[in-house]
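Peer 1: Have a look at this one.
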Amino acid sequence: MTAEQVRQYLEYYKDLGITHLNLSSMPVFTAGAPAPVPSPAPVPSSVPIPAAAPAPKAISTPKAPTMEIVLPTLAPVGDTLAKIREDIGDCKRCGLCKTRKSIVYGSGDERARLVFVGEGPGADEDEQGFPFVGRAGQLLTQMIDGTAAKDSLPLRREDCYICNVVKCRPPENRTPLPDEMEICGQFLFRQLMAIQPKAICALGATAAKALLNSKEGVTKMRGNWQRWHGIPLMVTYHPSYLLRAYNVEAKKEAWTDLRKLFHFVLDDTKVDPE
Ligand code: SF4
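If you read the sequence shown in the working numbering, its first letter stands for residue 3, the second for the next number, and so on.
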């Protein structure tokens, strides 16, 4: 992260009225590089946010021709889902605010062991204000409840937390743009840091890219454990992809991924999936 990015984040949080940041969530890495895995159980500490430093003079550095997504890496001390929602307010921080009806924040258990992250709200979600309530959402519910029931595992959709990379519906359901994902990603980062789940499931390529900054496709990444800031993460297909009739094989693979995920999440003897 560059000094200018740090300055921008500090100013952003100061604008939100946040006065202290959690240093244990502030890894040191260069922009564009994948987030490192932190050493286990860091001792949390915090620092006050200093008065905003004057912006350095503009330097005409040519922008790298890259579409990499780098989520911010600062979380306020004592963050909660309610506080994050309050900070989002009637958000107009990116262009998606112009066409949305609702801000679709997320739903589920604040202390969930498992968080599902999708791409962004669709028409039904925009209408109702909740994530995954349309056809893809119904399939996700079936996938969670059905897979767990088949293996006699005590897990239902309401035990999980479900949210998206962007909180407002992209027009015509297009893929969110990199800058929209970066801006709204601040809230996703804070949601995940506040919940601290045992595992995360990235649904589809956009969520995988936002969280892992990987160029790999879902087909290559799925089924294998990845890490997001030390938290085990599984990538699998987005339910809307599985709704297409010809994706029978992908459906079987998604069910396999969920079984692996659920068995790890519910096994209290396992702190690491590998
Ligand atoms: S998508 Fe996120 S950042 Fe953009 S307007 Fe909606 S809540 Fe704000």
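C-beta: ideal position from N, C-alpha, C; glycine also. Computed from a predicted model, the values in this text were never measured in an experiment.
Compute the Euclidean distance between the alpha carbons of Ala256 and His231, then round it to the nearest angstrom.
Peer 2: In a straight line, the C-alpha of Ala256 is about 24 Å away from that of His231.
Peer 1: State the Cα-Cα distance for the pair His240 and Gly136, rounded to the nearest angstrom.
Peer 2: Cα-Cα distance, rounded: 13 Å.
Peer 1: I believe His244 touches Val119 by the beta-carbon criterion, under 8 Å. Please report the beta-carbon distance rounded to the nearest angstrom.
Peer 2: The question names His, yet the displayed sequence has Leu at residue 244. That belief does not hold up - the Cβ atoms of Leu244 and Val119 are roughly 16 Å apart, past 8 Å.
Peer 1: Between the region 91-110 and the region 121-132, can you find at least three pairs of beta-carbon atoms closer than 8 Å?
Peer 2: Touching, yes, given that three or more Cβ pairs across the two stretches are closer than 8 Å.
Peer 1: Just checking my contact of Met195 with Ala84 at CB under 8 Å: how many whole Å lie between their CB atoms?
Peer 2: Contact flag wrong, Cβ pair sits at about 14 Å.
Peer 1: In the DSSP assignment, find the unbroken alpha helix (DSSP H) run with Arg87 in it and report its ends.
Peer 2: Where Arg87 is concerned, the enclosing alpha helix (DSSP H) stretches over Leu83 to Ile90.
Peer 1: Where does Val267 fall in DSSP's three states?
Peer 2: Reduced to three states, the DSSP call for Val267 is helix.
Peer 1: Should Ile233 and Lys200 be called a contact, given that it needs their Cβ atoms to be closer than 9 Å?
Peer 2: For Ile233 and Lys200, yes; Cβs fall inside 9 Å.
Peer 1: Return the residue from the list Gln198, Gln144, Leu141 and Thr258 that minimises the CA-CA distance to Arg229.
Peer 2: When only C-alpha atoms are compared, the closest one is Gln198.
Peer 1: What residues sit near the ligand SF4, counting only those whose C-beta is closer than 7 Å to one of its heavy atoms, in chain order?
Peer 2: Spelled out in chain order, the answer is Ile90, Cys93, Lys94, Arg95, Cys96, Leu98, Cys99, Arg102, Ile105, Val168, Lys169, Cys170, Glu182, Ile185, Cys186 and Phe189.
Peer 1: So, do the region 165-173 and the region 139-157 have three or more beta carbon pairs nearer to each other than 8 Å?
Peer 2: With a cut-off of 8 Å, the region 139-157 and the region 165-173 do not count as touching, because too few Cβ pairs lie within range.
Peer 1: Starting from Ile146, follow the alpha helix (DSSP H) in both directions and report where the run begins and ends.
Peer 2: Arg137 to Lys152 is the extent of the alpha helix (DSSP H) around Ile146.
Peer 1: Closest by CA to Lys100, which one among Trp227, Pro133 and Pro173?
Peer 2: Among Trp227, Pro133 and Pro173, the Cα nearest to that of Lys100 is on Pro173.
Peer 1: Are Leu98 and Phe264 close, meaning C-beta to C-beta below 9 Å?
Peer 2: No, they are not a contact pair.
Peer 1: Can you give me the C-alpha to C-alpha distance between Ala247 and Cys186, rounded to a whole angstrom?
Peer 2: C-alpha separation (whole angstroms): 32 Å.
Peer 1: Buried or exposed, going by whether 16 or more other CB atoms sit within 10 Å of the CB of Lys211?
Peer 2: Classification for Lys211: buried.
Peer 1: Got a sec, what are the start and stop residues for the beta strand (DSSP E) Val168 sits in?
Peer 2: Counting along the chain, Val168 falls outside any beta strand (DSSP E), and DSSP gives it neither H nor E.
Peer 1: So what does DSSP say about Phe132, is it helix, strand or coil?
Peer 2: Coil, per DSSP.
Peer 1: Nearest-angstrom Cα distance between Phe134 and Glu276?
Peer 2: Distance between the alpha carbons of Phe134 and Glu276 is about 30 Å.
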